[in-house]
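Chemist:
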Amino acid sequence: MALEVYWSKKADKKFDIIITHLTEKWGTKVTTQFVKKVYDFLDILSEFPELGTIEHMNNNIRGFTITKQINIFYLIQNKRIILLNFFDNRQHPKKKLK
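Numbering (this note's numbering), first residue to last: 331 to 428.
Next comes the structure, spelled out in structure tokens:
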């Protein structure tokens, strides 16, 4: 049974920032490829929610590398997947889950 995917406000905002940056710097082709990669991952994630590695044991937060620059963090809760954040891997690791 596939789980529904919900976007937190933070994940939605970060995704929009990434899309804007990609479009301005690399154009629509790269942006479209990134968006497709994210949504393809979310389709797979809804079927296999434990796909990501556990990033924070206390909160059961999981992470997955979408591209070498971007990780996505999510939580499985009440039979749904909550997207928490998109993280640029070039930032300091302490900012990952903030």
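Think of the CB as a built atom: it goes at the ideal place given N, C-alpha and C, for glycine as much as any other residue.
Remember, it's a predicted structure, so these values are computed and weren't measured experimentally.
1) According to the Cβ coordinates, are Leu372 and Ile391 closer than 9 angstroms?
2) Drop a sphere of 10 angstroms on the beta-carbon of Phe416, count the other beta-carbons inside from all chains shown, and report buried for 16 or more, exposed for fewer.
3) May I have a chain-ordered list of the beta strand (DSSP E) segments no shorter than 3 residues that lie completely inside the segment 354-398?
4) At the level of alpha carbons, what is the spacing between Gln363 and Asn389?
5) Taking the alpha carbon of Pro379 as the point to measure from, which residue in Met387, His386 and Gly393 has its own alpha carbon closest?
6) How should Ala332 be labelled, buried or exposed, when 16 other C-beta atoms within 10 angstroms of its C-beta is the threshold for buried?
7) Which one of Ile402, Thr353, Glu377 and Thr397 has the shortest CA to CA distance from Thr383?
8) Count the other C-beta atoms from every protein chain shown that fall within 10 angstroms of the C-beta of Leu381, then say buried if there are 16 or more, exposed otherwise.
9) Sorted by chain position, which residues of the same chain lie with C-beta nearer than 7 angstroms to Lys409's C-beta, five sequence neighbours on each side aside?
Modeler: Taking the coordinates as given:
1) no
2) buried
3) 383-386 and 391-395
4) 31 angstroms
5) Gly393
6) exposed
7) Ile402
8) exposed
9) Leu333
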